[in-house]
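In our numbering, the protein residues as written are 3 to 636. Glycine included, C-beta positions come from ideal geometry on N, C-alpha and C.
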């Protein structure tokens with residue numbers, strides 16, 4: 003740099019830019035609080051806009067703007083057509099800008115409640131949150147919700163930006179009342195570092211420099227605070243965590259394990275432990291595109307080679323040998339639900355934790371959180387934007403750290419098995435003791451011994467269909483025919499199990515899921531006993547039928563769709579249930595006000611309008627013969 007403060011060559015400039023610290027922050031709050039305008043104005047104040055961008059903004063402001071002849075800075079962030087038409091933010095918009103002191107990545111997150119899921123996305127990597135409040139409205143429900151979510155994801159530094167102060171005549175009393183109310187709420191959710199700044203994002207007051215319109219305010223402008231705030235924290239001070247994203251084998255002589263370091267540091271010669279296997283080794287090299295490193299730290303993407311040939315796959319975690327991550331398959335977790343369809347306890351979902359995707363289910367919430375009062379409320383499920391605490395069960399053990407110790411190792415997303423949509427996000431608190439203290443007890447008389455004694459293979463015949471379709475009738479005939487052939491069977495009927503096993507359950511979607519989960523567990527035990535288990539349940543949801551299928555071995559679950567049209571079963575109506583449902587006396591009745599999801603690929607499809615119950619039963623028995631469940635002697 004020369005005497006005039008200018009860089010003499012591009013290399014000096016790039017070196018100076020690389021040396022600057024990086025602050026990731028989000029803007030959030032309720033709708034129309036001015037988040038997009040604030041960021042657009044920050045980009046303008048920091049001279050991060052090119053001439054062509056300003057020219058485009060002038061054109062967009064004339065076409066879409068809401069500020070008359072003035073520039074509408076919000077349009078710099080609202081890139082979707084729907085956003086410009088409605089004047090709202092829908093998706094998360096990321097922008098990069100820099101000043102002489104610091105580099106910034108800012109996420110403009112939606113204010114509408116229905117887009118809370120997008121706000122979580124922006125907050126997940128942020129160091130600081132700018133929470134905007136419209137000075138005319140004060141704290142709103144969405145302001146509290148976003149603040150609570152900010153605290154959940156571990157952001158501890160907050161700027162309370164009291165915006166649109168020009169619309170309340172720059173009132174010091176209004177500003178101080180909002181600040182006072184917010185600090186009370188922030189303390190309740192564990193946010194202690196709050197800096198309140200009075201603003202007019204539209205006019206630029208207190209954004210880049212102190213405003214003469216607020217002579218009573220002695221604090222920094224927003225940009226000054228963002229440039230100087232200490233974000234602290236050194237992830238490299240913790241133990242090594244490197245989830246393997248790729249096993250690198252370019253040739254026979256090289257095997258490396260690639261991934262981004264999520265905690266700690268590593269050097270050649272360090273002892274490491276690989277989870278979940280628990281095998282140990284020593285780091286041989288730290289390989290990068292630019293050559294080997296003597297040390298790598300948290301945040302860097304590297305390839306490690308080890309001195310020993312051990313089995314490591316994508317999703318495994320390389321840890322410090324003397325301070326490894328935990329390993330468990332059951333946890334207590336905070337869950338933020340992001341889907342229109344509610345979270346149903348017991349329903350099978352997918353959970354993505356780091357580079358690993360696992361089968362998962364949730365228990366009934368221990369409580370849901372009222373974001374206004376922070377009260378813990380009783381809940382059977384979580385609705386859209388609901389926040390609660392529940393137990394999480396995975397289909398196998400996974401390496402983890404509590405979210406409070408490592409944000410990357412302790413956070414997960416929830417994925418719908420059928421749509422592949424992200425439906426939730428969560429934070430791990432701790433592993434449940436039973437996940438490590440309860441083990442399967444080996445027995446001497448096992449499943450194979452029972453199969454040999456019974457003389458046939460076990461399986462589950464899962465009859466599904468609408469109420470009145472003939473499931474129970476066909477199931478009874480099947481059991482009678484199998485009994486005559488000497489097969490050992492047991493029939494689980496939908497009505498019968500509700501007299502005992504599921505006596506405490508109703509007919510809500512959540513209760514239906516739990517009912518099928520219980521039936522699946524009972525059927526699993528009976529299959530282990532070597533029996534042919536026959537079930538007759540409406541079981542309206544594909545997810546729960548898939549859950550029951552997954553409880554037994556491949557080939558042991560036979561889904562049978564008893565297909566009878568709705569108008570036919572309504573005419574039969576042997577118990578008068580459809581009439582009650584049509585009159586509104588019976589809520590959540592399948593086919594009327596609760597859906598039935600037709601099996602996508604059942605092993606057997608019975609058309610009851612074209613064949614008698616006896617013929618349908620015989621077709622099932624013939625299927626068992628063809629599949630080898632029953633031996634020819636039967």
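Terminal residues of the alpha helix (DSSP H) in which residue i lies
i           : result
residue 358 : Here residue 358 belongs to no alpha helix (DSSP H); instead the beta strand (DSSP E) covers 358 to 364.
residue 580 : 579 to 584
residue 641 : The requested residue 641 does not occur in the structure, where the chain is confined to residues 3 to 636.
residue 496 : 496 to 499
residue 479 : 473 to 486
residue 127 : Run containing residue 127: none; DSSP gives neither H nor E here.
residue 180 : 174 to 190
residue 615 : 615 to 628
Same chain only: Cβ atoms within 7 Å of residue i, ignoring 5 sequence neighbours per side
i           : result
residue 247 : 260, 261, 316 and 357
residue 26  : 107, 127, 128 and 129
residue 325 : 241
residue 298 : 263, 267, 268, 288 and 304
residue 172 : 215 and 216
residue 656 : The question about residue 656 has no answer here: the residues shown for the chain are numbered 3 through 636.
residue 212 : 223
Whole-angstrom C-beta distance between residue j and residue i, which should lie under 8 Å
i           : j           : result
residue 364 : residue 345 : 6 Å
residue 132 : residue 152 : In fact, because the Cβ distance is near 10 Å, the residues do not count as touching under 8 Å.
residue 537 : residue 521 : 6 Å
residue 564 : residue 470 : Their Cβ separation, rounded to whole angstroms, is 10 Å, which puts residue 564 and residue 470 out of contact at 8 Å.
residue 149 : residue 188 : 6 Å
residue 468 : residue 477 : Wrong, their Cβ atoms sit about 15 Å apart, outside the cutoff.
residue 355 : residue 414 : 4 Å
residue 333 : residue 433 : 6 Å
Between the CA atoms of residue j and residue i - distance to the nearest angstrom
i           : j           : result
residue 184 : residue 141 : 7 Å
residue 91  : residue 519 : Interpretation of residue 91 is limited by its pLDDT of 39, a score under 50 that renders its predicted location unreliable; the figure taken from the coordinates is listed afterwards. C-alpha separation (whole angstroms): 40 Å.
residue 559 : residue 33  : 50 Å
residue 516 : residue 347 : 7 Å
residue 424 : residue 335 : 17 Å
residue 87  : residue 553 : The predicted position of residue 87 is uncertain, since its pLDDT is 43 and thus under 50; a value taken from the coordinates is nonetheless stated next. Distance between the alpha carbons of residue 87 and residue 553 is about 49 Å.
residue 197 : residue 165 : 14 Å
residue 619 : residue 492 : 15 Å
residue 229 : residue 40  : 16 Å
residue 568 : residue 586 : 17 Å
residue 163 : residue 104 : 20 Å
residue 528 : residue 390 : 35 Å
residue 138 : residue 243 : 47 Å
residue 504 : residue 409 : 39 Å
residue 239 : residue 300 : 9 Å
residue 35  : residue 338 : 23 Å
residue 630 : residue 561 : 16 Å
residue 533 : residue 601 : 24 Å
residue 203 : residue 276 : 50 Å
residue 360 : residue 209 : 46 Å
residue 195 : residue 231 : 11 Å
residue 342 : residue 292 : 47 Å
residue 145 : residue 134 : 8 Å
residue 233 : residue 327 : 25 Å
For residue i: DSSP bridge partner residues
i           : result
residue 262 : 303
residue 26  : 107
residue 333 : 394 and 433
residue 207 : 202
residue 596 : 592
residue 256 : 253
Where the beta strand (DSSP E) containing residue i begins and where it ends
i           : result
residue 162 : 159 to 165
residue 561 : 559 to 565
residue 2   : Given that the chain is displayed from residue 3 to residue 636, the structure contains no residue 2 and the question cannot be resolved.
residue 251 : 248 to 253
residue 286 : 282 to 289
residue 413 : 413 to 417
residue 354 : 351 to 355
residue 273 : 273 to 277
residue 540 : Note, residue 540: premise wrong, no beta strand (DSSP E); not H, not E.
Nonlocal neighbours in the same chain, by C-beta distance under 8 Å from residue i, ignoring five residues either side
i           : result
residue 362 : 350, 351, 352, 353, 394, 395, 396, 397 and 416
residue 595 : 583 and 589
residue 192 : 153 and 158
residue 249 : 257, 258, 259, 260, 314, 315 and 316
residue 168 : 202, 204, 205, 207 and 215
Residues near residue i by beta carbon distance below 6 Å, same chain, minus five either side
i           : result
residue 513 : 507
residue 474 : 495 and 538
residue 295 : 288
residue 24  : 105
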